[in-house]
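In full-length UniProt numbering, the protein residues as written are 1 to 211.
From the three backbone atoms N, C-alpha and C, an ideal C-beta is built for every residue, glycine too.
Working notes, beginning with the structure itself.
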């Protein structure tokens, strides 16, 4: 099987050590930002934001909140995937304003679906809505990891961090956000031994069920 995409996915790995002297170009960073924005989300609501950090002083200060993982200090950029702290009726209304403007669609046509979504979320507990939003962040993470591989950008997805500390340090509460995932991006160090490890996966026939 010969596929450029599969070759790139074989190439990528969770980078354990970045070359701190290398920095993503503005073009590469712009691609990641666009890829994040183009990620599929349920209902198209995009209850997500991404904090892009390129500041070595700030990055080093994040290390204690990231279980002492040095990737956040060494990486070119640290991307923090966040979700809305509260999904409001106004937020949903703004989404439909954007739909109407972008697609030149009369508001009256969109109103039934808008009402459905507002009523649906109004009936849900805050915990359930938050779980739903966090799932959208994981979709974005998967998309970013694939795009990184295609663009020869090394990356390390990180769940092992203290969201509350990140939220406080980055002052996310005042932005109505809370952190869900961290993605360190940049270029692997030449002495990262994990780069040469064979990828360990089960056979495709073990993970895919054909009916």
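Would DSSP call residue i helix, strand or coil?
i, result
"residue 49", "strand"
"residue 101", "helix"
"residue 89", "helix"
"residue 14", "strand"
"residue 42", "helix"
"residue 84", "strand"
"residue 210", "coil"
"residue 94", "helix"
"residue 161", "coil"
"residue 64", "helix"
"residue 201", "coil"
"residue 33", "helix"
Does the distance from the C-beta atom of residue i to that of residue j stay below 8 Å?
i, j, result
"residue 154", "residue 66", "no"
"residue 140", "residue 81", "yes"
"residue 179", "residue 196", "no"
"residue 50", "residue 84", "no"
"residue 79", "residue 169", "no"
"residue 156", "residue 54", "no"
"residue 56", "residue 191", "no"
"residue 11", "residue 184", "no"
Rounded to the nearest angstrom, how far is the Cβ of residue i from that of residue j, given a contact under 8 Å?
i, j, result
"residue 144", "residue 35", "6 Å"
"residue 203", "residue 69", "About 31 Å; that fails the 8 Å criterion."
"residue 92", "residue 114", "7 Å"
From residue i to residue j, what distance separates their C-alpha atoms?
i, j, result
"residue 193", "residue 137", "30 Å"
"residue 88", "residue 119", "11 Å"
"residue 31", "residue 182", "18 Å"
"residue 110", "residue 42", "17 Å"
"residue 135", "residue 46", "11 Å"
"residue 117", "residue 171", "29 Å"
"residue 22", "residue 187", "6 Å"
"residue 105", "residue 48", "24 Å"
"residue 74", "residue 189", "9 Å"
"residue 9", "residue 107", "43 Å"
In this structure, what does DSSP give as the bridge partners for residue i?
i, result
"residue 156", "184"
"residue 179", "82"
"residue 77", "185"
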